[in-house]
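Residue numbers for the sequence shown follow the numbering used here, so the first one is 13 and each next one is one higher. For reference, the structure is listed below as structure tokens.
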Amino acid sequence: MRDFHDKVAFVTGGASGMGFALARAFGRARMKVMLADIDVDALENAVAELKKDQINVRSVECDVSDRTSVQRAASETLAAFGKVHMVCNNAGVGIGGALELTSPGDCDWIIGVNLMGMVHSCQTFLPHIKAHGEGGHIFSTASVTGMLPVPGSAVYNAAKAGIIALSQSLAAELAGTSIGVSVLVPGFMRTRMGDSVRNRPKRYGERTVASPEGREQLEALIRAGMDPDEVAEKVMRGIQENELFIFSHPEWRSTLEEHFQRILAVYPEA
Ligand SMILES: NC(=O)c1ccc[n+]([C@@H]2O[C@H](COP(=O)([O-])OP(=O)(O)OC[C@H]3O[C@@H](n4cnc5c(N)ncnc54)[C@H](O)[C@@H]3O)[C@@H](O)[C@H]2O)c1
């Protein structure tokens, strides 16, 4: 998407962290923005903050893991702005802990928000974007842990690997159309992700008790992470260039290189 002016962005998880930074970047590029989030109080604050920047922003309560909730949010967005061009699948939650300690509720929650959230938004909005014919972009937030063997968050990593796979398949399905696809594959970012459980719906039951040391370690890494506004700048450039992969964190390059070399080393020659 080269021209953002007057286009409409639907941003999930837009009330905090990376989603909020993306919403602000979209708004400053003169897009109209719908923030979709499960946290109503945070939505209210985010809208007030973005309005200080003269951004044309609205908000809608939405649980991306619930298809009906996404469809309702889509209807509200179309009623408010008429069209949607950019779908920003960014809502995500995570908790640390070994796989055998991850409860069925944890699994449903993590897969539901991170992976099914993307499926729900894409299936809801793609027919609309195709129908209006003005072009568009499907952007999603994955994680570098979706590409690497990292211990302690297996279900989250699997969901993020799924987002990368969905994005690649979607890019192939939409090749030659005016709808682009990008997936952000970031390292740590300074957001509220260490406290994802604040927005865990009761239906998923109590969270698994992760080790306090593991949690502290994760929170320290997130606190030392990249500023989301810096990541948002890279995302804007990536979307404009229709880059499939947006890699924001250069410090992970050597680890990725070693990983892919290990795979190629055992891959049979033709
Ligand atoms: N922070 C990091 O270090 C990091 C690293 C890699 C990837 N990510 C990814 O970045 C994305 C953004 O997270 P963040 O780091 O800004 O965290 P954050 O907690 O600051 O923001 C996440 C937002 O998602 C919302 N949300 C949670 N459940 C939802 C649901 N069911 N429906 C709709 N919205 C929901 C939250 O209310 C919150 O506003 C996530 O996909 C996350 O997995 C984060």
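The C-beta atom is built at its ideal place from N, Cα and C for all residues, glycine as well.
Can you find the residues in the same chain that come closer than 6 Å, C-beta to C-beta, to residue i, ignoring five residues on each side of it along the sequence?
i	result
K44	V20, N68, F93
G199	V156, H261, W264
A173	G158
D241	A33
A154	K172, I175, I176, V195, V197
A54	A27, S28
S152	N101, M130, I175, S179, V195
N211	I50, D51
G217	G117
H6	Outside the shown range of the chain, which is 13 to 282, sits residue 6, and nothing can be said about it.
Between which residues of its own chain and residue i is the CB-CB distance below 7 Å, once the five residues before and five after are set aside?
i	result
T259	Correcting the residue type first, residue 259 is Phe in the shown sequence and not Thr. The answer, listed in chain order, is V197.
A86	T136, F137
A165	In the sequence as presented, Ala is not what sits at residue 165; that position holds Ser. Same-chain partners within the cutoff: G106, G108, T157.
H132	V76, R79, V82
Work out the CA separation of residue j and residue i for me, nearest whole Å.
i	j	result
A183	M13	14 Å
M248	L34	8 Å
T203	G237	8 Å
D75	P163	28 Å
L127	C119	11 Å
G192	E228	38 Å
R243	G25	Looking at the sequence shown, residue 243 is not Arg but Val. Each residue's alpha carbon lies about 16 Å from the other.
L256	M159	15 Å
V195	S179	6 Å
G117	I123	10 Å
C134	R84	14 Å
F38	V99	12 Å
D239	E245	10 Å
N254	M30	20 Å
G250	N101	15 Å
G129	G104	9 Å
A232	D207	12 Å
P213	R235	25 Å
G147	L186	11 Å
M205	E281	42 Å
A58	T267	36 Å
S181	E56	35 Å
R40	Q66	8 Å
R36	Y279	44 Å
Using only CA atoms, which one of the options lies nearest to residue i?
i	options	result
P224	A143, E245, G109, S81	G109
A91	R70, G29, K172, S115	R70
S115	R215, E269, E255	R215
G188	I176, C100, K142	K142
L230	M201, N101, A27, D239	M201
V209	M46, R36, G39, D51	D51
H97	G124, H149, G129, Q66	H149
V72	C100, E270, V23	V23
E112	M46, L55, V167, L186	V167
E269	P161, L47, M205, T89	P161
A170	V125, A54, G206, M205	V125
R219	W121, A282, Q66	W121
T89	L47, H271, Q66	L47
K95	F151, G226, N57, P139	P139
Please work out which residues of its chain come closer than 8 Å, Cβ to Cβ, to residue i, disregarding the five sequence neighbours upstream and downstream, and give them in chain order.
i	result
R42	F16, H17, D18
G12	The shown model of the chain, from 13 to 282, leaves out residue 12, and the question about it has no answer.
G226	G108, G109, G164
- Query: Does the segment 49-62 touch the segment 275-282, meaning 3 or more C-beta pairs lie closer than 8 Å?
  - Reply: No contact exists between the segment 275-282 and the segment 49-62.
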